[in-house]
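Quick note: the sequence shown uses the working numbering, first residue 72, plus one each step. Glycine residues also receive a C-beta, built at the ideal position from the N, C-alpha and C atoms. Computed from a predicted model, the values in this text were never measured in an experiment. One structure is given here, and the rest of the page talks about it.
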Amino acid sequence: MPARVETRGRSRALQALYAWDVRGTPPDLPRVAAMVWDDLAIQADERAFAHALVQLVAAERIGIDAELSEVTTNWRLDRLGHIERSVLRLAAAELMQGGTPPRVVIQECVRLAERFGSAQSARFVNGVIDALARRMGRLT
């Protein structure tokens, strides 16, 4: 059974966020995302889902990073790996959107962290996103 559009879209958003982060976070995240998606010939439905998340990260990155800094106890955001930081930004944006149940956001982002990072990355991401969702009042 093929992955859902949202699942594939999250993966595409992560690829764009990762490419942008590796470049040292230049100012134009949407342009970097478009280049990545053009290179990979991403389908329109995946691209639309990913674009909404990427746009939100681009618009709210300072606030997102501040929120993440509050819940990454003992870790400075700039000391995290590119994958972990990108997955956390993706999760924060999707939680801010509010259209996806928080448990789904957590589960999907943990899978991404495990797929593109490691089991240790997945455990770390799980704890941070759970804490972030609670801080945002999305989980009780």
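Can you tell me whether residue i is helix, strand or coil according to DSSP?
i	result
Gly170	coil
Gln126	helix
Gly95	coil
Met106	helix
Arg75	coil
Ala112	coil
Ser157	helix
Gly152	coil
Leu210	coil
Gly134	helix
Gly188	coil
Asn197	helix
Arg118	helix
Arg147	coil
To which residues of the same chain is residue i closer than 6 Å at the C-beta, ignoring the five residues directly before and after it?
i	result
Ala224	Nothing in the structure corresponds to residue 224, since the chain is present only between 72 and 211.
Arg81	Glu179
Leu183	Leu85, Val158
Ala121	Gly80, Arg83, Ala84
Once you ignore the five residues that flank residue i on each side, which residues in its own chain have a CB closer than 7 Å to its CB?
i	result
Leu166	Pro173, Val176, Leu203, Ala204, Met207, Arg209
Ala129	Leu100, Pro101
Val93	His153
Ordered along the chain, which non-local residues of its own chain (more than five positions away) have a Cβ less than 8 Å from that of residue i?
i	result
Leu161	Arg81, Ala84, Leu85, Leu88, Leu124, Val128, Cys180, Leu183
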